[in-house]
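The structure appears below as structure tokens.
4 protein chains.
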Amino acid sequence: MGTNQVNAPAGAGDEAEVRLRWWERRTEWPMVGLSVLFLGLYAWMVLDTGLTPVSRQRIDAVMWALWAAFAVDYLVRLGLARRRLRFVVHNAFDLLVLLLPLLRQLRVLRLVVVLLTLNRRVQARVRGQVVLYVSGAVVLLGLSAALAVLEVERTAPDAKITGFGDALWWTMTTVTTVGYGDYYPVTGQGKLIAAGLMIAGIALLGVVTGSIASWFVDRFGGLEQSVSASADATRRLDAESDQLRAEIVVLREEITALRTELSSREGS
Amino acid sequence: MGTNQVNAPAGAGDEAEVRLRWWERRTEWPMVGLSVLFLGLYAWMVLDTGLTPVSRQRIDAVMWALWAAFAVDYLVRLGLARRRLRFVVHNAFDLLVLLLPLLRQLRVLRLVVVLLTLNRRVQARVRGQVVLYVSGAVVLLGLSAALAVLEVERTAPDAKITGFGDALWWTMTTVTTVGYGDYYPVTGQGKLIAAGLMIAGIALLGVVTGSIASWFVDRFGGLEQSVSASADATRRLDAESDQLRAEIVVLREEITALRTELSSREGS
Amino acid sequence: MGTNQVNAPAGAGDEAEVRLRWWERRTEWPMVGLSVLFLGLYAWMVLDTGLTPVSRQRIDAVMWALWAAFAVDYLVRLGLARRRLRFVVHNAFDLLVLLLPLLRQLRVLRLVVVLLTLNRRVQARVRGQVVLYVSGAVVLLGLSAALAVLEVERTAPDAKITGFGDALWWTMTTVTTVGYGDYYPVTGQGKLIAAGLMIAGIALLGVVTGSIASWFVDRFGGLEQSVSASADATRRLDAESDQLRAEIVVLREEITALRTELSSREGS
Amino acid sequence: MGTNQVNAPAGAGDEAEVRLRWWERRTEWPMVGLSVLFLGLYAWMVLDTGLTPVSRQRIDAVMWALWAAFAVDYLVRLGLARRRLRFVVHNAFDLLVLLLPLLRQLRVLRLVVVLLTLNRRVQARVRGQVVLYVSGAVVLLGLSAALAVLEVERTAPDAKITGFGDALWWTMTTVTTVGYGDYYPVTGQGKLIAAGLMIAGIALLGVVTGSIASWFVDRFGGLEQSVSASADATRRLDAESDQLRAEIVVLREEITALRTELSSREGS
Chain A
1 MGTNQVNAPA
11 GAGDEAEVRL
21 RWWERRTEWP
31 MVGLSVLFLG
41 LYAWMVLDTG
51 LTPVSRQRID
61 AVMWALWAAF
71 AVDYLVRLGL
81 ARRRLRFVVH
91 NAFDLLVLLL
101 PLLRQLRVLR
111 LVVVLLTLNR
121 RVQARVRGQV
131 VLYVSGAVVL
141 LGLSAALAVL
151 EVERTAPDAK
161 ITGFGDALWW
171 TMTTVTTVGY
181 GDYYPVTGQG
191 KLIAAGLMIA
201 GIALLGVVTG
211 SIASWFVDRF
221 GGLEQSVSAS
231 ADATRRLDAE
241 SDQLRAEIVV
251 LREEITALRT
261 ELSSREGS
Chain F
1 MGTNQVNAPA
11 GAGDEAEVRL
21 RWWERRTEWP
31 MVGLSVLFLG
41 LYAWMVLDTG
51 LTPVSRQRID
61 AVMWALWAAF
71 AVDYLVRLGL
81 ARRRLRFVVH
91 NAFDLLVLLL
101 PLLRQLRVLR
111 LVVVLLTLNR
121 RVQARVRGQV
131 VLYVSGAVVL
141 LGLSAALAVL
151 EVERTAPDAK
161 ITGFGDALWW
171 TMTTVTTVGY
181 GDYYPVTGQG
191 KLIAAGLMIA
201 GIALLGVVTG
211 SIASWFVDRF
221 GGLEQSVSAS
231 ADATRRLDAE
241 SDQLRAEIVV
251 LREEITALRT
261 ELSSREGS
Chain G
1 MGTNQVNAPA
11 GAGDEAEVRL
21 RWWERRTEWP
31 MVGLSVLFLG
41 LYAWMVLDTG
51 LTPVSRQRID
61 AVMWALWAAF
71 AVDYLVRLGL
81 ARRRLRFVVH
91 NAFDLLVLLL
101 PLLRQLRVLR
111 LVVVLLTLNR
121 RVQARVRGQV
131 VLYVSGAVVL
141 LGLSAALAVL
151 EVERTAPDAK
161 ITGFGDALWW
171 TMTTVTTVGY
181 GDYYPVTGQG
191 KLIAAGLMIA
201 GIALLGVVTG
211 SIASWFVDRF
221 GGLEQSVSAS
231 ADATRRLDAE
241 SDQLRAEIVV
251 LREEITALRT
261 ELSSREGS
Chain R
1 MGTNQVNAPA
11 GAGDEAEVRL
21 RWWERRTEWP
31 MVGLSVLFLG
41 LYAWMVLDTG
51 LTPVSRQRID
61 AVMWALWAAF
71 AVDYLVRLGL
81 ARRRLRFVVH
91 NAFDLLVLLL
101 PLLRQLRVLR
111 LVVVLLTLNR
121 RVQARVRGQV
131 VLYVSGAVVL
141 LGLSAALAVL
151 EVERTAPDAK
161 ITGFGDALWW
171 TMTTVTTVGY
181 GDYYPVTGQG
191 KLIAAGLMIA
201 GIALLGVVTG
211 SIASWFVDRF
221 GGLEQSVSAS
231 ADATRRLDAE
241 SDQLRAEIVV
251 LREEITALRT
261 ELSSREGS
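Protein chains in written order, with UniProt numbering: chain A, 1 to 268; chain F, 1 to 268; chain G, 1 to 268; chain R, 1 to 268.
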């Protein structure tokens, strides 16, 4: 998961897709804005238990409007893409996320698209940036998971997670794979969200460990010495090759001198 | 575990085993089909609690027939192998899986052979393929484990895992090493299956982390720069060596010219 | 976290900051001493439940004095820094730790500064040193977390962690991500400390795994062979280049001899 | 832990310690035998609850005799060592294990010495061997931990682990860091053993992940291509250098021919 996300930003790999990339560059920040708005509204709906049914309906309407905007963006991008099948395959996650919100509680997955959208922009150049980016993604994912689990769990009988604090704490114990078991989801939907979070936790572990491992390989590897030795030897060879050329030049000059002498003798 | 599975497909390493490999290529897909059928029947038996004893017996008979097919395949392969001892050692797992089903609940291990069989075909060429393959294997293993645990646990007194949903959820918390402890096996056989799943979880963590680590090493390694520098120096040397040769050619021509001149002078 | 800590000791990266580094070198060990004293006093206050209110107040006063010393050190360093904004950004953690103790229980975070201070000195040269250093850091962090959790938890109703032994055991199960769930924090502050510990656990896992992975890469990598082969080829080339030069020298001598002969003939 | 164990077999690193290494080679297998005997006796004492006090005393006496043999071996090795301080530091673990058994339940740590002893022999040459070796070590350690925990826990009030099956299951959930929390130690000694097991679990995770990561780096690294390209270029250069030499040889022959001609002309 981690590698693909960072490696190949969805649909941006193809050189010929000029129009598509132009559109994606233009709509990048607006889409991020809409996504953040979506997350904010969702958090409001889940956390503000004192909302009147009318306000709730209004928020819901705005969220559906946002969903429609996402759908339009997807369709435009599909329309601009030259190789449509390829686009659908590479952006399978976008399509999934677009269809999932029809199931009410899963629409929180919309938030993952924020990450993918941001990802198009992010051009990680140093190791620390990737770690930062993934950490940010995990924080955002954790927040979304906490909200979603809270929404589906709090009304369940025998629920353990009934407040936002509980939900955050549960998220933390899950994503780090500690899993005390003092809080855990009891509904099917809650368990589905938990499963996603566990996978995110494994990915997080992988990124942290991977970045540290690569740092170790760079810094303490005997390989490093071996490669350096090879590079040094090549550099030395390079210098010697220059000397060789210089000596051949001298050789040539002497032959020329020899020839001139012969000619002059002949002329005499 | 992960490395061996991917590295050295059982029994396919030896160059001389032409007949064996011919048979394995021919029976590859049929065996996968039979294995999938085996899994399907097993799932049916476990999940459909309304089965009449007669139907149950019939399914059982088919499963035994499938087992016999696996046994015949093993014996044929053993017969075709030149170096039999080597074959038995390299395919120890196949033999184990063949003998285990005699213990009723352990026959689900047959499913692991599906993975090994598929593995013979898989020639992972890029990092993502290995991750995909291992993920697929873990999903298949998890599904099998959930079925097997459900079968052995649901009739136990004080059992926690009594439905397929419980079993799947428990599988997820185990394979990711989260381990809330809301569900866990209480029977000996259940615990044996759980142990296998935990080991699979460690392998999964290893593959995810390992693939991310190698991506980091490739992308951000100072090593990369060092190796590139060495390669550049070598390329430069290469170019200079061409120049050297050109100059030696010139040198030779001049010597030839010198000689011709000498000859002509002699002739005069 | 791990990479940054080891990679870039806070504020020491800039070449121009001579005065700042001079101060940091001079105050290094005194600051470590004060930090250790701080930890000792904190441990005393938490563990000695028989302290009279007066003694408690006195210890508290000393701890505030120590805090003031840390604050003065920070301000002096800020004053000495040329690029102040850069200093504040690079030492954001120092500032955070300085402000946090105002909230009583979080002042234990002061201990993390001990690690950062020590880090300025540590120049890890071999892999084992980094592992040792991080292990030491995790032990110190674990000890601090145990003390802090004990302080905030033991007075809570329904608290599980009521003794130092419980706290240490809980720390161990958390930092290794085992998480039995026999002990866990129930207060908000305790959960905050736990979250920090879980992150430390992930970092620990990362460092251990990373160092082992790099050892594997060094020792068993096909890369190693490839690099060695390249280095060998370069060495062989090097030797041949010497031979080439020797032959060119011989060539030159013969040309000189040829010339001498010509001259002598001319003279005759 | 993992890296040190495999990297630097205790006391075998120094070239001058000829006598010490001679002794260690000679006593290697006898010591392993005694260690295995020690483990067997310990297992017997813990698992056979029907032992009469007299038999128990006898087994205890044999175990003390074994302990004495280990002590003698340590003292002989200390006596043979040239640099004694260095020996004590490098074999700190041996000394610790020697002193620990004085505390009854901790003598199971003797088993760790078996691993270290075996380690002196093992010269891991391929990745799989290290994984195998560490897996074996973890299995042995897990078995020892299960026995030790069972001994200290089963007489405790409110104990969860009261049978060998429970102990094995608990070991498995701990070493894989799953930690359901259905079984956990409740005594101080049990928790100490558990802590050791958790650390072993982290090391296991590290070795599995590390070996997979290094496999990935070898197999899919862009680095590999880069190094191969460099090696190819060097090989090509090598070939060209041979050609150069051949051409210089031709050049030399022609000069010689030229000279001979001049001489012959002079002679005429």
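For each residue, glycine too, the CB sits at the ideal point set by N, CA and C.
Residue i: contacting residues in chain G (beta-carbon distance under 7 Å)
i, result
"M172/A", "A195 and M198"
"A213/F", "A213"
"V152/R", "Neighbours of V152/R on chain G: none; closest Cβ ~14 Å, over 7 Å."
"V217/A", "S214 and V217"
Neighbour list for residue i in chain R, Cβ cutoff strictly below 7 Å
i, result
"D182/G", "G181 and Y184"
Per-residue DSSP class, three states only, for residue i
i, result
"V186/G", "coil"
"K160/R", "coil"
"R154/A", "coil"
"D94/G", "helix"
"residue 271/F", "Outside the displayed span of chain F (1 to 268) sits residue 271/F, for which this structure offers no information."
"L20/G", "helix"
"G179/R", "coil"
"T52/R", "coil"
"E261/R", "helix"
Assigned exposure category for residue i - 16 Cβ within 10 Å defines buried
i, result
"T52/F", "exposed"
"residue 298/F", "A question about residue 298/F goes unanswered here, because the residues of chain F that appear run from 1 up to 268."
"V178/R", "buried"
"W29/G", "exposed"
"V249/F", "exposed"
"P157/F", "exposed"
"D182/G", "buried"
"G188/R", "exposed"
"T260/F", "exposed"
"E151/R", "buried"
"D242/G", "exposed"
"L75/R", "exposed"
Listed by chain order, chain G residues near residue i by CB distance under 8 Å
i, result
"L205/A", "I202, L205 and G206"
"I255/R", "L251, E254, I255 and L258"
Residue from the options whose Cα sits closest to the Cα of residue i
i, options, result
"L99/A", "A68/A, V149/A and A203/A", "A68/A"
"A65/R", "S211/R, R86/R, L34/R and L205/R", "L34/R"
"V130/A", "I255/F, A257/F and I212/F", "I212/F"
"L80/R", "W22/R, L244/R, K191/R and I202/R", "W22/R"
"T171/G", "V18/G, F38/G and S144/G", "S144/G"
"L41/G", "G206/G, A61/G, A71/G and T27/G", "A61/G"
"I59/G", "F70/G, R252/G and L37/G", "L37/G"
"E17/F", "A146/F, R84/F and A203/F", "R84/F"
Contact set between residue i and chain F, taken where Cβ atoms lie within less than 7 Å
i, result
"W169/R", "K191"
"G136/A", "Per Cβ cutoff of 7 Å: no residues; G136/A is ~16 Å from chain F at best."
Where residue i meets chain R, residues with beta-carbon distance less than 8 Å
i, result
"F38/G", "Within chain R, no residue comes near F38/G; the closest Cβ sits about 26 Å away, beyond 8 Å."
"E247/G", "R245, I248, V249 and R252"
Cross-chain neighbours of residue i in chain A, by beta carbon under 8 Å
i, result
"T209/R", "T209"
Under 7 Å by beta carbon: chain A residues contacting residue i
i, result
"T177/F", "T177"
Contacts of residue i in chain G (Cβ-Cβ under 9 Å)
i, result
"residue 295/A", "Past the edges of chain A, shown from 1 to 268, lies residue 295/A, and the structure says nothing about it."
Subject >> Positions along the segment 53-73 of chain R whose CB lies within less than 8 Å of some CB in chain A >> reply: none
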